[in-house]
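A.B. asks: If you're matching positions, the sequence shown starts at 491 in our numbering and goes up one per residue.
All C-beta atoms in this analysis are idealised placements derived from N, C-alpha and C, irrespective of residue type, glycine included.
Structure in structure tokens, see below.
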Amino acid sequence: MRKIFLTIILLFTLCLTSQAQRAKSVILVYLDGGPAQTDTFDPKPEAGRNYHGNYKGVCKTNVEGIEIGEKLPLLAGMADKYSLIRSMTHGSNAHETGHYAMITGDTSGGAVVYPSFGAVISYMKRDSYKGVLPCYISVTSANSRFNEGGFLGNEYKSFDTGGKPEAEEYEVEGLVNQFADRKRMDKRMELLSKFETQPMDKCTIDSLRAINMEFIWGESREVFNLDNEPDSIRQRYGKSRLGQSCLVARRLVEAGVPFINVRMTGWDTHKKHFQKMNSMLPNLDKALSALIADLDCRGLLDSTIVLCGGEFGRSPKVLWEAPWNGGRAHFGTVFSYLVAGGGFHGGKVVGKSDKTGEKVAERPVRPCDLIGTVYLLMGIDPYGTLPHVSEGDLPILPSLKKDSYNDGLLYEIIDIKKPDHEK
491 MRKIFLTIIL
501 LFTLCLTSQA
511 QRAKSVILVY
521 LDGGPAQTDT
531 FDPKPEAGRN
541 YHGNYKGVCK
551 TNVEGIEIGE
561 KLPLLAGMAD
571 KYSLIRSMTH
581 GSNAHETGHY
591 AMITGDTSGG
601 AVVYPSFGAV
611 ISYMKRDSYK
621 GVLPCYISVT
631 SANSRFNEGG
641 FLGNEYKSFD
651 TGGKPEAEEY
661 EVEGLVNQFA
671 DRKRMDKRME
681 LLSKFETQPM
691 DKCTIDSLRA
701 INMEFIWGES
711 REVFNLDNEP
721 DSIRQRYGKS
731 RLGQSCLVAR
741 RLVEAGVPFI
751 NVRMTGWDTH
761 KKHFQKMNSM
771 LPNLDKALSA
781 LIADLDCRGL
791 LDSTIVLCGG
801 EFGRSPKVLW
811 EAPWNGGRAH
821 FGTVFSYLVA
831 GGGFHGGKVV
841 GKSDKTGEKV
851 AERPVRPCDL
861 IGTVYLLMGI
871 DPYGTLPHVS
881 EGDLPILPSL
891 KKDSYNDGLL
901 YEIIDIKKPD
911 HEK
């Protein structure tokens with residue numbers, strides 16, 4: 491009787507987990523350096539020129555009442571496919587601490603260095619993911635040292651592709667090399683086998699080598715071959731680094747990779763901010779809108795979470811004086827993130843900044859709230875634990891619901907109901 495009871499409890503738990511999981515993959519479009527929220531997802535046209543700078547206009551979206559920056563018309567036409575968080579906050583204006591907060595979700599100030607949430611997802615999916623490609627891939631490089639596995643170990647850190655996806659040939663590091671064709675590689679492997687007369691564990695070596703060779707020369711290699719894409723698709727994403735990186739991300743989702751990090755640098759605009767944004771924002775608009783639309787068209791958006799933001803925002807007040815000449819400084823007090831797919835609702839706005847965009851006015855959202863919601867949609871318990879080699883089991887998100895100002899997971903923009911113990 492006791493066995494039957496335990497079996498029922500187990501089945502009930504598995505049922506709840508399967509119902510909670512909405513997403514299979516995550517794409518993090520990370521704007522490294524900190525994008526200006528007032529020029530992107532939280533414009534302040536009425537605040538005056540010292541705040542809106544050269545961008546007084548806005549784009550009305552296809553959702554009544556939601557406006558975004560004037561340089562994002564393509565994204566404005568699909569606001570029903572994503573939601574905006576306008577009250578992200580962690581309070582740090584330093585790149586390193588901002589990266590750490592947004593990539594790990596840890597703002598506890600503890601001594602333990604936590605793994606990135608890509609590494610956590612890689613760890614949690616280690617048994618269910620059967621692909622040859624790494625579980626966690628950064629196109630083209632990790633955002634910082636905090637993209638590593640932390641106390642989970644390097645097995646779960648990101649695989650950085652390197653290379654230039656916008657180039658004629660996308661040379662993925664350790665995978666694609668224009669100077670090493672298949673014939674030359676076979677000769678090298680034959681020569682290597684002659685030196686291995688008495689391997690310590692031939693079975694293990696052969697198994698690992700087979701996996702590596704499949705990775706290098708198998709079908710998975712073709713995921714990175716953008717020549718397989720119609721030119722019309724490549725043009726839709728834009729031939730920029732960001733555009734083609736987002737296209738690679740879509741192909742990795744199709745290959746079943748659970749976490750893809752798309753990193754784009756250049757957003758640390760202390761000087762000549764608006765001159766730089768005149769080219770960077772149109773590239774972002776084209777790439778991100780194409781990614782969301784393409785995933786939706788292929789039936790993948792419902793199972794793929796798309797996140798877009800950086801380690802913090804930029805100061806709402808423009809620094810007109812020399813040497814900045816129209817720049818914006820680091821700003822971690824309040825900034826914005828876009829979220830789409832994988833169980834996130836579209837056409838919603840969470841939180842609010844004040845009239846100049848300098849303070850959170852409603853519903854502060856901490857990094858752990860956003861990352862915890864991603865975990866929940868991926869079927870991972872955000873209140874669960876991770877194994878530490880010397881500290882034992884540690885909370886997966888040590889900052890979640892630890893502070894009085896922390897309102898918790900983003901239940902207002904997902905279908906999963908808030909459980910009683912969180913109310």
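Could you tell me how far apart the beta carbons of residue 526 and residue 804 are, in whole angstroms, since I believe they sit closer than 8 Å?
C.D. replies: Position 36 of the sequence shown, counted from the first residue, corresponds to residue 526. Position 314 of the sequence shown, counted from the first residue, corresponds to residue 804. With a Cβ gap of about 4 Å, residue 526 and residue 804 count as contacting.
A.B. asks: Would you call the region 540-557 in contact with the region 787-802, where contact means no fewer than 3 C-beta pairs closer than 8 Å?
C.D. replies: With a cut-off of 8 Å, the region 787-802 and the region 540-557 do not count as touching, because too few Cβ pairs lie within range.
A.B. asks: Kindly give me the distance between the Cβ atoms of residue 764 and residue 588, rounded to whole angstroms, as I take these residues to be in contact under 8 Å.
C.D. replies: Along the sequence shown, read from residue 1 onward, the residue named residue 764 stands at position 274. Along the sequence shown, read from residue 1 onward, the residue named residue 588 stands at position 98. About 22 Å separates the two Cβ atoms, so there is no contact after all.
A.B. asks: Within this structure, are the beta carbons of residue 578 and residue 837 separated by less than 8 Å?
C.D. replies: Residue mapping note: residue 578 aligns to position 88 of the sequence shown, counting from 1. Residue mapping note: residue 837 aligns to position 347 of the sequence shown, counting from 1. No, the pair does not count as a contact, with Cβ atoms beyond the cut-off.
A.B. asks: For the region 737-810, list the beta strand (DSSP E) runs that are entirely contained and at least 3 residues long, ordered along the chain.
C.D. replies: The region 737-810 contains these whole beta strand (DSSP E) runs: 749-754 and 794-799.
A.B. asks: Between 561, 826 and 612, which has its C-alpha nearest residue 649's C-alpha?
C.D. replies: Translated into the one-based positions of the sequence shown, residue 649 becomes position 159. If we check each option's Cα against that of residue 649, 612 comes out closest.
A.B. asks: Please report the distance separating the alpha-carbon of residue 655 from that of residue 912.
C.D. replies: The count along the sequence shown starts at 1 and reaches residue 655 at position 165. The count along the sequence shown starts at 1 and reaches residue 912 at position 422. C-alpha separation (whole angstroms): 44 Å.
A.B. asks: Closest to residue 716 by C-alpha separation, out of 528, 816, 661 and 517, would be which residue?
C.D. replies: Mapped onto the sequence shown, residue 716 falls at position 226. Checking every option, the nearest Cα to that of residue 716 belongs to 661.
A.B. asks: With H, G and I counted as helix, E and B as strand and the rest as coil, what does DSSP make of residue 645?
C.D. replies: Position 155 of the sequence shown, counting from 1, holds the residue named residue 645. DSSP places residue 645 in helix when its eight states are reduced to three.
A.B. asks: Could you tell me if residue 600 is buried or exposed, where buried requires 16 or more neighbouring beta carbons within 10 angstroms of its beta carbon?
C.D. replies: Here the question's residue 600 lines up with position 110 in the sequence shown. Exposed is the call here.
A.B. asks: So, under 8 Å CB-CB, residue 730 and residue 773 are touching, yes? Tell me the CB distance rounded to an integer number of Å.
C.D. replies: Here residue 730 refers to the residue found at position 240 when the sequence shown is read from its first residue. Here residue 773 refers to the residue found at position 283 when the sequence shown is read from its first residue. 4 Å between Cβ atoms; contact.
A.B. asks: Classify residue 617 as buried or exposed, calling it buried when 16 or more other Cβ atoms lie within 10 Å of its own Cβ.
C.D. replies: To locate residue 617, count along the sequence shown from 1; it is residue 127. Flag for residue 617 reads exposed.
A.B. asks: Rounded to whole angstroms, what's the CA-CA distance from residue 900 to residue 832? Just pull it up for me.
C.D. replies: Numbered from 1 along the sequence shown, position 410 holds the residue referred to as residue 900. Numbered from 1 along the sequence shown, position 342 holds the residue referred to as residue 832. Looking at the two C-alpha atoms, the distance is approximately 13 Å.
A.B. asks: Among 624, 855, 605 and 563, which has the Cα closest to the Cα of residue 643?
C.D. replies: Along the sequence shown, one-based indexing puts residue 643 at 153. Nearest C-alpha to residue 643: 605.
A.B. asks: Residue 640 to residue 878, Cα distance in whole Å?
C.D. replies: For the purposes of this step, residue 640 is identified with residue 150 of the sequence shown, where counting begins at 1. For the purposes of this step, residue 878 is identified with residue 388 of the sequence shown, where counting begins at 1. Near 10 Å, if we compare the C-alpha coordinates of residue 878 and residue 640.
A.B. asks: Please state the DSSP three-state secondary structure of residue 571.
C.D. replies: Position 81 of the sequence shown holds residue 571. Residue 571: helix per DSSP, three-state reduction.
A.B. asks: State the DSSP-derived secondary structure class of residue 852, mapped to helix, strand or coil.
C.D. replies: Looking up residue 852 in the sequence shown gives position 362. In the structure shown, residue 852 sits in a strand (DSSP, three-state: E or B).
A.B. asks: Would residue 861 and residue 876 qualify as a contact pair, given that the criterion is a beta-carbon distance under 8 Å?
C.D. replies: Translated into positions along the sequence shown, residue 861 becomes position 371. Translated into positions along the sequence shown, residue 876 becomes position 386. Result no, Cβ atoms of residue 861 and residue 876 do not sit closer than 8 Å.
A.B. asks: Taking 8 Å as the cut-off, does the region 591-599 touch the region 809-821 (at least 3 CB pairs, one atom from each stretch)?
C.D. replies: These segments do not touch.
A.B. asks: Just to confirm the assignment, what range does the beta strand (DSSP E) spanning residue 559 have?
C.D. replies: If you number the sequence shown from 1, residue 559 lands on position 69. First-last of the beta strand (DSSP E) with residue 559: 557-559.
A.B. asks: Hey, would you say residue 775 sits closer than 8 Å to residue 518, going by beta carbons?
C.D. replies: Working through the sequence shown from its first residue, we reach residue 775 at position 285. Working through the sequence shown from its first residue, we reach residue 518 at position 28. Contact flag unset, no.
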